[in-house]
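Numbering follows numbering that gives the first Met the number 0, with no gaps: position 101 of the sequence shown is 100.
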Amino acid sequence: MELFYAESVDGSILKLGPEESAHCAKVLRHRTGDLIQVADGIGNLHNCRILSLSPREVTAVSESSVPGWGDHSYRLTMAVCPTKNSERYEWFIEKAVEMGVDRIVPVIGDHSERSSIRPERLQRIILSAAKQSLKARLPQLSEALTVKDFLLQSGRESQADGIHSSAGVRFIACCFEDGSMPRISLKQAIADRIVFPSASRPYCDSGFAGPAAETASSSPCTLPEITILIGPEGDFSAEEVSAAISAGYIPVHLGPSRLRTETAAVVATAFVYNASL
């Protein structure tokens, strides 16, 4: 399946950016009048007919659309410290997008060895992984911020968003026990605390449509909001874990093996993905 992403959407008119246009016109050799499938980045797959075409811009008109195409039955934020080796962080992002993630937040911990990212490159990886895994919704890449600032930000979001505060479940994966709360298995914590929409109700007003999108009728339901914090190579500091617990985060472990940061992030994403199936 050939999938393109629109750079802009104006009503039923979708335009591809230069890279997508060059791929469409020069590599795949499409012509005016051809049918192509275009994702708008916010969850809709459009069946389009090409109106005009050049290697720098392709314009198409949507003849039909499928909402929530390739979506998943949860909203997942992965707040992960950048790894010292940037390629390992890029690998995490690619695999997380393939499985299903909605927001990626690079967080800088007290023990982080890297405090910068390359957002333009990471955005290209996100786009490529979304195309490969057939998703119409592009995950959000947030600006890098410290762990403590992220905890303050997520606290403000809880107060401002009643749905988020009632449905949100938050975990911090750490390598040591905090005296105030013992760690539990993330797999078990997900099973105990999160209810995913059932296959018989595949459509939610908040975005998930699933494979039955074209035939399902809209019925309101709330997608579970999940946030998982993954620390740097040197783990979170005791102060960060304590602050996270105070902010409502549940300390968890990912099993007996000692995992690299990027491996832990992928495993945590996979736990959520598998639990939702």
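A virtual CB, placed ideally from N, CA and C, is assigned to each residue, including glycine. None of these values were measured; they are calculated from a predicted model.
Residue i, DSSP secondary structure in three states
i    : result
S7   : strand
A135 : coil
K14  : strand
F170 : strand
A78  : strand
N273 : helix
S85  : helix
D234 : coil
E142 : coil
T31  : coil
H252 : strand
Residue burial classification, residue i (beta-carbon count within 10 angstroms, cutoff 16)
i    : result
D191 : exposed
V100 : buried
K134 : buried
S179 : exposed
D9   : exposed
R259 : exposed
G254 : exposed
F270 : buried
P181 : exposed
E238 : exposed
P201 : Confidence at P201 is low in this model, with a pLDDT of 44, below 50, so its placement is unreliable and the value that follows should be read with caution. The residue in question, P201, is buried, as its Cβ has 16 or more Cβ neighbours within 10 Å.
Among the options, the one whose alpha carbon lies nearest that of residue i
i    : options              : result
S11  : N43, T31, P17, D33   : N43
L126 : P223, V168, E89      : E89
E232 : L15, K83, I49, I41   : K83
T268 : S241, H29, A21, I103 : I103
Y248 : L151, V96, R30       : L151
Y4   : M98, N46, S115, T31  : N46
Supposed close pair residue i, residue j - CB separation, criterion 8 Å
i    : j    : result
V251 : S184 : 7 Å
L15  : E1   : Not a contact, Cβ separation roughly 12 Å.
I229 : A188 : I229 to A188, Cβ: 15 Å. No contact.
E261 : R87  : 4 Å
In DSSP terms, what residue i is bridged to
i   : result
N46 : Q36, S63
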